[in-house]
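Here the structure comes first, spelled out in structure tokens, and everything after it is commentary.
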Amino acid sequence: MNILIIGANGHTGRNLISQLKQNNQHETTAMVREEKQGEELKELGADHIVVANLEGDMEHAFTEIDACIFAAGSGSKTGPEKTISVDQEGAKKAIDLAKSNDIKHFVMLSSVGADSPEVAPEEMRHYLTAKQNADEYLMKSGVPYTIVRPTSLSNEKEQTLITAKVSLPDKSLTISREAVAKTLIASLTMMEAKNEVFEITSGLKEVEEALKYIH
53 MNILIIGANG HTGRNLISQL KQNNQHETTA MVREEKQGEE LKELGADHIV
103 VANLEGDMEH AFTEIDACIF AAGSGSKTGP EKTISVDQEG AKKAIDLAKS
153 NDIKHFVMLS SVGADSPEVA PEEMRHYLTA KQNADEYLMK SGVPYTIVRP
203 TSLSNEKEQT LITAKVSLPD KSLTISREAV AKTLIASLTM MEAKNEVFEI
253 TSGLKEVEEA LKYIH
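Written out as structure tokens, the structure is:
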């Protein structure tokens with residue numbers, strides 16, 4: 053499959069490209085906002101580069117694409133306007149294009165707390181509300197999907213064991229971006245992850261094993 057990675061230049065996006073290159077099972081198309089970002093991602097292992105913007109024209113990014121991983125985000129520290137533009141409306145635009153281009157699977161990187169943003173700390177509510185709206189839009193779209201909601205992210209290396217549940221009993225742990233990327237990739241092809249929404253954090257199981265028992 054040719055996998056479009058939206059948010060390819062972010063920390064998780066770079067992990068995705070690197071891991072997909074190592075797996076050597078799929079082609080990767082990295083979506084970036086600037087040409088110079090694409091040059092770096094080519095060196096990292098991206099097969100194709102497409103310059104597009106979630107807040108602008110991106111229809112051409114979905115040409116000859118089989119599946120999509122949405123790993124973009126404005127970050128929880130941006131203001132509501134930017135967050136809505138990227139995390140909500142940008143995601144909706146990508147979902148619409150996935151549907152019109154008959155994309156086989158859409159994997160959404162969401163966040164723990166997106167199911168109930170109203171109980172989050174006030175400074176996080178706009179971010180989690182945008183994530184919630186994007187997640188719900190995807191679930192209703194008719195596009196085959198997986199929605200992955202990690203706990204707080206870390207840059208810890210070689211920590212890829214996880215716990216995956218529809219609702220984690222302990223949401224206070226962190227999880228490495230490396231483990232998150234591995235989970236997003238596994239979700240592309242594992243039947244157990246198809247049309248599922250689940251939370252992940254660091255744990256004791258390999259990703260593939262953990263995803264078999266999310267319920």
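Everything in the sequence shown is counted per the working numbering, starting at 53 for the first residue and increasing by one. Glycine included, every Cβ here is placed at the ideal spot set by N, Cα and C.
Which residue comes first and which comes last in the alpha helix (DSSP H) that contains residue i?
| i | result |
| --- | --- |
| P132 | 132-135 |
| L96 | 87-96 |
| A231 | 229-239 |
| K73 | 63-75 |
| E188 | 174-193 |
| L149 | 143-152 |
| V259 | 259-263 |
Within 10 Å of its beta-carbon, does residue i have 16 or more other beta-carbons around it, so buried, or fewer, so exposed?
| i | result |
| --- | --- |
| K183 | buried |
| V218 | exposed |
| M83 | buried |
| D222 | exposed |
| H267 | exposed |
| P173 | exposed |
| K234 | buried |
| T115 | exposed |
| V171 | exposed |
| Q74 | exposed |
| S126 | buried |
| L225 | exposed |
Would you kindly check if the distance between the Cβ of residue j and the Cβ of residue i is under 8 angstroms?
| i | j | result |
| --- | --- | --- |
| A124 | G142 | yes |
| L256 | I227 | no |
| V195 | I155 | yes |
| H78 | M110 | no |
| E251 | V164 | yes |
| T253 | P169 | no |
| I55 | I121 | yes |
| E260 | M243 | no |
| V138 | E175 | no |
| I134 | S193 | The residue asked about is misnamed: residue 134 is Lys in this sequence, not Ile. No; because the gap between Cβ atoms is not below 8 angstroms, this pair is not in contact. |
Relative to the C-alpha of residue i, which candidate in the options has its C-alpha closest?
| i | options | result |
| --- | --- | --- |
| K94 | T198, I252, T80, I117 | T80 |
| L180 | A166, M191, L190 | A166 |
| E91 | N75, N61, Q71 | N61 |
| I69 | R85, K88, A98, N75 | A98 |
| T215 | M242, L263, A104 | L263 |
| Q48 | S162, V259, E230 | With the chain represented from 53 up to 267, any question about residue 48 goes unanswered, as that position is not in the structure. |
| E87 | N105, K192, Q74 | N105 |
| L161 | S239, G108, K73 | S239 |
| K209 | N67, I57, I58 | N67 |
| T100 | I58, Q140, H63 | Correcting the residue type first, residue 100 is His in the shown sequence and not Thr. If we check each option's Cα against that of H100, I58 comes out closest. |
| T64 | K134, N207, V249, S193 | N207 |
| V232 | S224, E258, K134, R177 | E258 |
| K246 | N76, M191, E133 | M191 |
| H178 | T212, D148, Q140 | Q140 |
| Y197 | H157, Y265, L220 | H157 |
| N76 | I237, Y265, E248, V249 | I237 |
The beta strand (DSSP E) spanning residue i covers which residue range?
| i | result |
| --- | --- |
| L205 | 204-206 |
| V103 | 100-103 |
| Q248 | According to the sequence shown, residue 248 is Glu rather than Gln. Segment 248-254, the beta strand (DSSP E) holding E248. |
| V84 | 79-84 |
| L106 | Segment: none, L106 is in no beta strand (DSSP E) and carries neither H nor E. |
| V159 | 157-161 |
| K217 | 214-217 |
Compute the minimum distance between the beta carbon of residue i and the heavy atoms of the ligand HEM, and state whether it is under 7 angstroms.
| i | result |
| --- | --- |
| D187 | This structure simply doesn't include the ligand HEM, nor any ligand for that matter. |
For the pair the segment 132-150 and the segment 181-195, tell me if three or more CB-CB distances fall below 8 angstroms.
The segment 132-150 and the segment 181-195 touch, with no fewer than 3 CB-CB distances between them shorter than 8 angstroms.
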